[in-house]
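Taking this note's numbering, the leading residue of the sequence shown gets 154, the next gets one more, and so forth. Just so it is clear, CB atoms sit at the ideal spot from N, CA and C, and this is done for glycine as well. One structure is given here, and the rest of the page talks about it.
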Amino acid sequence: MDDRFHDECGLIGIFGRDDVADLIYYGLYALQHRGRRAAAWCFHNGEKTRVAKGLGLVSEVFTEETRHRIDGYLGIGHNRYATTGKATKLRNVQPILVDYKGGKLAIAHNGNLTT
154 MDDRFHDECG LIGIFGRDDV ADLIYYGLYA LQHRGRRAAA WCFHNGEKTR
204 VAKGLGLVSE VFTEETRHRI DGYLGIGHNR YATTGKATKL RNVQPILVDY
254 KGGKLAIAHN GNLTT
C-alpha cells in the first residue's frame, strides 16, 4: 500500500442558509475533479426531503432552473468517482435517501458500501 492521498468523490454539506442550492452547486462544481461520472444532491426544508441525481458533469445534471426550484435550509451533495459498481447506473449515485423509523436519512460518503 502506498501512503499518499487518493482523490475520490467530492462531498459537500451546507446548513442554515437561504442559498443552499447555489452553495452546493458551486461546491460540487469546484470538486468536479474528484468525480466526473455523476452528481447528486439532497435537500430538506423542514417538511420534505428530496434527492436529485444524474449521470455526467455537475453543469449537465443541475441547470440554473433546477437550482431555483430548490427550497431548503440544509443539503448535501456528492460527485461520483466510480471505484466499484457500474458507473452508468443511477442507483449507484449518492446521496442515498432511506426511510427508517425516525424519518428519512440521506447518506453520501467517500467509499464503498458492500454486502
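**Prompt:** Do you know how far the Cα of H262 is from the Cα of G255?
**Reply:** Reading the sequence shown from its first residue, position 102 is the one you call residue 255. Reading the sequence shown from its first residue, position 109 is the one you call residue 262. The alpha-carbon atoms of G255 and H262 are separated by roughly 21 Å.
**Asked** Under a three-way DSSP split, which group does L208 fall into?
**Response** In the sequence shown, the residue the question calls residue 208 occupies position 55. DSSP places L208 in strand when its eight states are reduced to three.
**Message:** Between C162, G228, F168, which has its C-alpha nearest R190's C-alpha?
**Reply:** Here residue 190 is taken as the residue at index 37 of the sequence shown, counted from 1. With distances taken between Cα atoms, R190 lies closest to C162.
**Item:** A192 to L208 span [Cα, whole Å]
**Value:** As a first step, residue 192 must be located in the sequence shown, where it is residue number 39. As a first step, residue 208 must be located in the sequence shown, where it is residue number 55. When rounded, the distance between both Cα atoms is 6 Å.
**Prompt:** Quick one: is F168 buried, meaning 16 or more other Cβ sit within 10 Å of its Cβ, or exposed?
**Reply:** In the sequence shown, counting from the first residue as 1, residue 168 sits at position 15. So F168 ends up on the exposed side.
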